Amino acid sequence: MTRTRKRRGEQLMVPRAEFTSYYGRPIIHAPSWAARDIAGYFFLGGLAGAGSVFAAGAQLRDRPRTATAMKVSSLAAVSLSAAALVHDLGRPGRFANMLRVFKPTSPMSMGSWLLGAYGPAAGAAALSAVTGRLPRAGAVATAGAALLGPALASYTAVLAADTAVPAWHGAHRELPYVFTASATAAASGMALVVAPPRENAPARLAAVLAAAGESVAAEAAERRLGMVAETWREGRAGTLLRAARALTLAGAATAALAGGRSRPAAVLGGLALLGGSVCTRFGIFAAGTASAQDPKYTVVPQRNGG
Amino acid sequence: MTDRNLLSGPEPEPARDAGHSQPPERVGFFTDTSVCIGCKACEVACKEWNAIPEDGLALSGMSYDNTQGLGASTWRHVAFVEQRVPAPEGRTELPLAEGAVRVSEPAPAATPEGSPPTAPESSRTPGDMRWLMSSDVCKHCTHAACLDVCPTGSLFRTEFGTVVVQEDICNGCGYCVPACPYGVIEQRPDDGRAFKCTLCYDRLGAGQEPACAKACPTESIQFGPLDELRERAALRVDQLHEQGVGEAHLYGHDPEDGVGGDGAFFLLLDKPEVYGLPPDPVVTTRDLPAMWKHAGTAALSLAGGIALAFVLAGRAEGAR
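Going down the list, the sequences are from chains A and B. With this note's numbering, the residue at position 218 of the first sequence is 437, and numbering never jumps. With this note's numbering, the residue at position 195 of the second sequence is 207, and numbering never jumps.
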């Protein structure tokens with residue numbers, strides 16, 4: 220019954236090569252969340268939040284088509300987010316209970332209030348931009364959405380990390396940076412897709428910054444995770460995260476090198492960046508599930524004091 | 013400590029800190045696995061009293077344990093460990109009490125190279141087995157991650173210091189499920205809401221002990237004020253050590269541990285993970301202040317990064 224496992228490779232600082240478990244059964248429960256809803260929300264929330272910052276920047280810097288397009292993109296993304304979140308509830312009819320308390324120890328409670336404030340701001344900004352009505356109010360809403368957007372993009376990392384899931388909690392310091400970099404990559408990708416080339420210089424720069432930032436942050440997260448980083452490198456998560464890296468880097472490179480001259484290159488680069496962000500979120504989600512399902516990732520780090 | 017941190021560390025009165033002004037004594041369980049006979053009366057009594065639905069009648073094939081683990085519809089779970097070889101680290105199985113037959117011994121083939129068999133006693137017979145049985149339950153942590161992360165306030169701290177789900181409020185968000193470091197709380201698939209042990213909140217209110225403790229025929233499950241249980245448990249460990257059961261140890265009793273001590277703690281005869289328990293669990297919200305700080309910095313870096321991109325792009329265009 221005491222199942223003994225050889226740990227794979229490298230981690231020689233761990234003296235014992237075995238761990239025991241109860242018939243190999245997981246110790247913690249994996250999240251019951253559907254990947255499509257929750258990993259999808261991580262992506263969409265990031266796209267919306269970083270997109271609102273883009274929209275505000277474009278409005279200030281006289282890039283009106285980018286501004287309007289990004290506002291519409293953010294409204295669409297946040298609407299889909301809300302739908303995904305309600306859909307994932309065990310009792311969707313009770314979604315309003317999310318606003319029953321204001322509870323800083325619960326990232327989900329904070330996120331609900333954040334969405335409750337951000338959503339209407341993003342909606343008002345988009346409606347004003349599309350209809351051309353109430354430009355003053357539209358500018359206020361744009362500013363509000365741009366202030367709340369970064370929080371929306373980063374809090375989802377806390378949502379994931381504030382659990383007992385080893386692949387998430389173990390990287391709780393780095394995960395917010397991975398998420399905001401991925402959100403920036405997604406929003407710059409969207410801007411590259413929707414904006415004319417003469418307006419897309421900021422998106423190209425942001426794409427490069429985001430790709431670099433995400434690489435560094437993800438690398439730091441894996442280093443911090445130690446043996447648990449296996450779950451980021453193997454199986455479905457490994458495939459997704461490798462695809463994410465390839466797509467993000469290729470997208471940023473394409474955008475930087477050719478996106479300023481060629482609309483098709485900009486669109487292609489933008490789509491690759493969006494796809495890379497999707498893969499990052501679904502990959503990290505899959506790593507979390509994998510780390511929860513194998514008792515090794517709960518037992519060994521706790522045995523090693525960390 | 014002067015500045016008490018309510019997210020981790022010792023917290024003598026969780027019920028008072030949760031807003032109960034005149035709380036009764038904190039109560040809990042002490043589960044002494046050295047006298048558990050694996051009868052599962054606790055599982056049955058719990059199911060019956062709490063009207064928990066049936067959740068599978070399959071045979072696991074792994075041992076006499078066909079329940080397999082705690083979940084939405086299993087609030088007491090009797091783990092059933094069959095050991096043929098000693099656990100790593102030279103730990104060997106021990107007799108359960110005075111007069112019990114000493115069993116088991118290290119099987120040379122399964123012994124890690126270089127570590128000699130450590131069984132000190134002559135009474136061990138090669139190839140023998142021993143059974144360890146343990147009735148697992150919600151730990152009713154002093155710092156309960158499920159309660160901390162619950163976004164609706166459905167999970168709450170009762171006046172008895174226990175942690176209970178209000179089923180009329182839970183909206184099935186599922187956040188408590190991966191937050192629990194012990195894998196206790198779970199959503200019931202056809203219902204959507206999260207369920208777990210209430211420490212028989214209804215019975216406590218009527219001055220009764222929980223159904224599982226009432227049903228336990230060997231007093232393996234002991235219910236009472238937590239302070240009293242801790243004293244009793246320490247005495248029991250001393251008694252077992254005197255009887256030669258050197259590996260008897262308490263699990264979850266220490267207010268200094270990662271969850272501030274459990275309201276339901278255990279006397280174990282092998283490492284916690286052998287019973288499916290985490291060896292050194294920590295309430296995830298202990299690190300929440302650090303997480304919020306990093307999230308704030310990350311949000312600022314996002315805004316700063318995009319602002320930088322606009323500034324640089326504007327300069328490049330202006331220079332043209």
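The beta carbon of each residue, even a glycine, is placed where N, CA and C say it ideally should be. As the structure is a prediction and not an experimental result, all values here were calculated from the model.
Contact with chain B by residue i, beta-carbon distance below 9 Å
i: A/D307; result: yes
i: A/S325; result: yes
i: A/Y242; result: yes
i: A/V272; result: yes
i: A/M317; result: yes
i: A/P339; result: no
i: A/R284; result: no
i: A/T239; result: yes
i: A/W252; result: yes
i: A/Y260; result: no
i: A/A437; result: no
i: A/R522; result: yes
i: A/E453; result: no
i: A/T399; result: yes
i: A/I503; result: no
i: A/V355; result: In the sequence as presented, Val is not what sits at residue 355 of chain A; that position holds Arg. Closer than 9 Å: no.
N-terminal and C-terminal residue of the alpha helix (DSSP H) that residue i is part of
i: B/R28; result: P26 to D29
i: A/L411; result: L394 to V413
i: A/H388; result: P385 to H388
i: A/M289; result: P283 to D307
Beta carbon proximity, residue i to chain A, threshold 9 Å
i: B/W87; result: no
i: B/W304; result: yes
i: B/F277; result: no
i: B/A99; result: Only weak support exists for where B/A99 lies, its pLDDT of 48 falling under 50; the coordinates are left without a value.
i: B/M145; result: no
i: B/I1; result: Residue 1 of chain B is absent from the structure shown; chain B starts at 13 and stops at 332.
i: B/E55; result: no
i: B/T309; result: yes
i: B/S232; result: no
i: B/K283; result: yes
i: B/N78; result: no
Contacts around residue i, its chain only, beta-carbon distance under 8 Å, and the 5 residues preceding and following it disregarded
i: A/Q512; result: P245 and A249
i: A/F283; result: In the sequence as displayed, the identity of residue 283 of chain A is Pro instead of Phe. Taken in chain order, the residues that qualify are A277.
i: A/S496; result: F262, G265, L266, S401, A402, A404, A405, G408, A463 and T467
Classification of residue i by the beta-carbon crowding that lies within 10 angstroms, buried from 16 upward
i: B/K305; result: exposed
i: B/D239; result: exposed
i: B/A321; result: buried
i: B/D77; result: buried
i: A/G502; result: buried
i: A/T350; result: exposed
i: B/Q95; result: buried
i: A/S300; result: buried
i: A/L476; result: exposed
i: A/G368; result: buried
i: A/P323; result: exposed
i: B/M141; result: exposed
Helix, strand or coil at residue i [DSSP, three-state]
i: A/F261; result: helix
i: B/E221; result: coil
i: B/Q34; result: coil
i: B/T8; result: Lying outside 13 to 332, the shown extent of chain B, residue 8 of chain B is not represented and no answer is given.
i: A/L333; result: helix
i: B/Q178; result: coil
i: B/E198; result: strand
i: B/F172; result: coil
Close-in-space but distant-in-sequence residues of the same chain around residue i (CB under 7 Å, 5 per side omitted)
i: A/A506; result: A386, T450, W451 and A456
i: A/G259; result: A303
i: B/C182; result: T164, S166, R205 and A206
i: A/L308; result: F314
i: A/L394; result: A376, A379, A380, W387 and A440
i: A/L468; result: A430
Extent of the continuous beta strand (DSSP E) run through residue i
i: B/I233; result: I233 to P237
i: B/R142; result: R142 to V149
i: A/V519; result: Where A/V519 is concerned, there is no enclosing beta strand (DSSP E), although the alpha helix (DSSP H) it sits in stretches over K515 to R522.
i: B/G40; result: V39 to D44
i: B/A276; result: A276 to L280
i: B/Y287; result: Taken as a continuous stretch (DSSP letters only), B/Y287 belongs to no beta strand (DSSP E), as it is neither H nor E.
i: B/Y263; result: H261 to Y263
Neighbour flag for residue i against chain E, beta carbons, 9 Å
i: A/E449; result: The structure shown contains no chain E; its protein chains are A and B.
Own chain, CB closer than 6 Å to residue i, minus 5 neighbours either side, in chain order
i: B/C158; result: L167, C188, A191, C192 and I197
i: A/A340; result: A360, G363 and A364
i: B/P35; result: A27, R28 and E171
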